[in-house]
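If you're matching them up, the sequences are chains A and B in order. Heads up, the first sequence is in our numbering, so the first residue is 2 and it goes up one at a time. Heads up, the second sequence is in our numbering, so the first residue is 304 and it goes up one at a time. Heads up, the thing below is written out as structure tokens.
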Amino acid sequence: MKTGLFKFKLIAVVVFVLLIISGGLPLWQHRHYRVEVILGPGVSEVKKLSDFLPAIKGSQADTKVYILRGKEPGGQVLIIGNTHSNEPEGLLSVLIMIENAVVEKGTLYLIPFFNHSGGLNTRPGEGYPLYFSVPTSWGKKTFRMGNRDASPLDQWPDPDVYIHYPEKQMLSYLDIRNTNRTWPGRKNGLPMEQVTYAAMELLRQNKIDLAIDLHGAETMFPVTNCIVAPEKCTRLATLASLTVKSMEGFENHVEPSPVNFRGLSHREIGDYSDTLPFLLEAPMPFLDQPTGPKTEALFLTGQDEFLLSLAKKKKLFVPYDQSGWPLEKRVGQHLSVSLEIIRQFSKKSPERVIIIKNVPRYRELLENGTGYYFHNPAVVDQDKIVID
Amino acid sequence: MITKTLFITAIIIISYILAKWQKLSVELSLFISTLAGVLAGALFKTPALSEIPRHLLEGSFTYLDVILVFFSATLFITIIQESGGINFAVRQTVVGFARFRFLALFLLMIIVLIPGALTGAGSVSLLVVGAPVALALKGLGVDEKKIPAILFILAGLAAAAPPINIWAMILCAGTAIPYVGFELPLGLPVLVLGTATILILGRRQGKQSELKEFVDRIETVPGMNWLRLLLPFAVFFALVIAYRLWPFSFPVLGLPLEFIIASVAAYLLSPVKINLVKVASSTVNKLLPLLSIMVIVGMLQQVMAATGVKGLISYSVLIIPLGLLFCLLPVIIPFSEGVLTYGGAAIIGIPLVWYLNSLGYHATILISALSLLWPLGDGLPPTALIGRLSLIVSGYEGSYWSSIKKAWLPWIIITLTAILMIIFSSKLTFLVTG
């Protein structure tokens, strides 16, 4: 009897160790997987966020800032992706700009992996794929699927409640690792507060005119398919929204930034600097709760039977049919709306004009797909490749 | 897709029933149904067979933070117990307040509410003050069977009480609604329902002579006094409150470390020598079923998401007609908590709040009302997290259901309150401040 029990325990231990190895290895590989970023013709300099707050240097909170300077001076804009690393349409939009954009007037600052630690994290309990691949003419380009929050390996422990600086609003304890709840940040705060503080310093020191934060949102979320903007940006946002609708044929309404909800980029950047902030939400069916399996295909196509049925019952906040809401549509919207906000700002402020060329818009993305705009690292100069 | 997902759901349920039929424990049964579910999913490559170990391992981390809090809090209270503090507290409370029974019960209710209200976890209430309060209730002549039921309801209300309500915070984070203005919509029902619970379940069973006998039976450790007993609790609450008072200068310690520091204080102040290794291993032994269920529920949640079962549950709730939905909410919400613990708030709660809010139901009142229903699910299988803890801390040795079913009347009153709050949410907006 005792021998039988011992054998059972031994087998259980062996199975447990095998589970840890076979399950842990993919997670380790995910954290150490690196993405090749090709420096396009417009990139003048690659800095790091730690240049604006040395305290984060050498940590996983630090991230690269790609700077594209125009031939002529003008206005300046910051665009960030992967604030939430499980909403990578922002990341892809920013990477397309890095690889293709040429700035003629003004300066473009791009941060593709804003919550760098979140990009190295996974989302326990949510069953996400570890990676997603975008098809290109030269093969597949693979990216990590990250988490909304920074990894506890990089920022831990969490408090039992997160108290926002400086407004003292109480938020969920998890939000202390969410870089869209820690704006305007704190110089001596926790790493994610330092990330947003460093970004605020970047905005303040360079007197940046516009900040655009790119996200994905559930189709069942009322604040989706929209530009979230505070009062001082409403006019620009409305003009951009109306223009993309009439010129490019897609909806992107304007949502006011709530005054009493703290920590968000569209609220705090405007309140704590002279920069005009905008947050763009593209509908991302993958994030919705009532969907089928959380697969790479769902992420890429946005097609889901449950959502289709709910759309027929009018329970979604966006039009939804069998074509779903594919990645190229989401990325295309982000690119077009961002370019339109910049264009409207330039029209309004002739002394701060920003002219960006060679960035595809909505229609081109729909025609060519997202992967079309990524260059083959095998055929470009090695000094043009940055491992991020 | 719907047929495939229904098939996987059926496999999960059937394998759980079969495992229970073979008289396996809840933990093992749930683990077997998780494995069966993920293997059934692999038939359709959702997930791929090679991905199964990763999903199981990743899912097991879902509630790691809760597990650490459980362990450190239990270690703390076990040290207090070993030092003779609990027996001392019970003796003093019962002797001091026996003549003012309602006041004594009301004070005990507040004592249970405070730790949960401050941390958002009913389990912390039970782990920190559950054992002494259970003994005090016994001393006040409350029926032994009803004590776990009282603790279960009060711990649930403690978790729902402001300022920290994890369900509400998950819903606010997921629906982009600020977590402000919840003090009255949460605080008022919690106080009223808590008082109703102690009045209903706290009636005297024993006689005064039995009380004296009970008090005499309690063994006390020489040298234990109020200072030695209260100082470790003061250390814990001081650390919790200090972060709230000075959030930008006080270091973030996290609940597990705060409990460990309080444990060190309790160890140093104990009038008797305590074998720390023995206490730590007995704590692990005591908590093992609870900790393993948290690990397995995390795995199950991950598997349900990867196979689409989680989406099916959420979808099923959303297609229910409104009238029927109100009738079913008292079942659906606690059940989701029983299966998924906090995961239920994300899977069902977030789309539900968006849906009802779009129909004109006030979001803050709605979230507050749902937050009263979720704790009830902590007494339901398969997890029955708070229900089982209530039995552990009160030392009740009868069957689980014989005690928890005593909570039926407060359960119904809480359910009715919550449903009425939802239906009349637009008329209760005066409660929302800030």
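All C-beta atoms, glycine included, are put in the ideal place defined by N, C-alpha and C.
Under DSSP, I467/B takes part in no beta bridge, so it has no partner. Each of K246/A, Q206/A, S266/A was checked against the Cα of A230/A, and the nearest Cα belongs to S266/A. Nearest neighbour of N390/B by Cα position, chosen from A437/B, F400/B, L430/B, M412/B, turns out to be A437/B. For L572/B, the uninterrupted alpha helix (DSSP H) run begins and ends at 558–572, by DSSP.
Listed in chain order, the alpha helix (DSSP H) runs fully inside the region 432–458 of chain B are 434–442, counting runs of at least 4 residues. Chain-ordered, the chain A residues with CB closer than 7 Å to the CB of M304/B read G293, E306. The C-alpha of D214/A is placed about 8 Å away from the C-alpha of L79/A.
What T296/A touches in chain B, judged by beta-carbon distance under 7 Å, is T349, going in chain order. In the displayed model, F539/B falls within a helix according to three-state DSSP. Rounded to the nearest angstrom, the Cβ distance from T183/A to G82/A is 17 Å, too far for a contact under 8 Å. In the structure shown, S86/A falls within a coil segment according to DSSP collapsed to helix, strand and coil.
Every unbroken stretch of the alpha helix (DSSP H) spanning 4 or more residues and falling wholly within the region 200–283 of chain A is given here in chain order: 235–244, 266–273. Inter-residue distance for A238/A and L308/A is about 29 Å (C-alpha atoms, whole angstroms). The beta-carbon of F9/A is placed no less than 9 Å from the nearest beta-carbon of chain B.
Counted as a single uninterrupted DSSP element, the beta strand (DSSP E) harbouring R70/A occupies residues 65–70. Under the 9 Å criterion on CB atoms, K316/A is classed as interfacial with respect to chain B.
Contact between F379/B and S566/B holds, with the beta-carbon distance rounding to 4 Å and staying under 8 Å. Residue-level contact by beta carbon fails for F53/A and chain B, as no gap is shorter than 9 Å. Look at the region 212–236 of chain A: the residues with a C-beta under 7 Å from a C-beta of chain B are M221, F222, P223, V224.
Cβ atoms of A569/B and I382/B come within 8 Å of each other, at about 4 Å. Think of a sphere of 9 Å around the beta carbon of V580/B: no beta carbon from chain A falls inside it, the nearest being about 22 Å out.
V66/A sits away from V38/A, with the two beta carbons spaced by 9 Å or more. Contacts with chain B (Cβ-Cβ distance below 7 Å) from the region 16–50 of chain A involve L20, I21, S23, G24, G25, P27, L28, listed in chain order. A residue is called buried once 16 or more other Cβ atoms fall within 10 Å of its Cβ, and H33/A, having fewer, is exposed. Chain A places a beta carbon closer than 9 Å to that of G601/B, counting this residue as a contact. With at least 16 other beta carbons inside 10 angstroms of its own, K613/B counts as buried. Our two residues, Y482/B and R268/A, have alpha carbons roughly 16 Å apart in a direct line. Here V18/A is exposed, its C-beta having fewer than 16 other C-beta atoms within 10 Å. At a cut-off of 9 Å between C-beta atoms, S310/A counts as an interface residue with respect to chain B. Straight-line spacing of the CA atoms in T244/A and G682/B works out to 55 Å. According to DSSP, residue pairing for S134/A in a beta bridge involves T143/A. Within the same chain, and ignoring the five residues on either side of A721/B in sequence, the residues whose Cβ sits closer than 6 Å to its Cβ are A672, L675, L676.
Rounded to the nearest angstrom, the gap between the Cα atoms of V329/B and I707/B is 17 Å. For the region 105–131 of chain A, the residues whose beta carbon sits under 9 Å from a beta carbon of chain B are, in order, T123, R124, P125, G126, E127, G128, Y129, P130, L131.
S94/A is positioned such that its CB atom lies no closer than 9 Å to that of L69/A. Under the Cβ criterion of 9 Å, V162/A is counted among the residues facing chain B.
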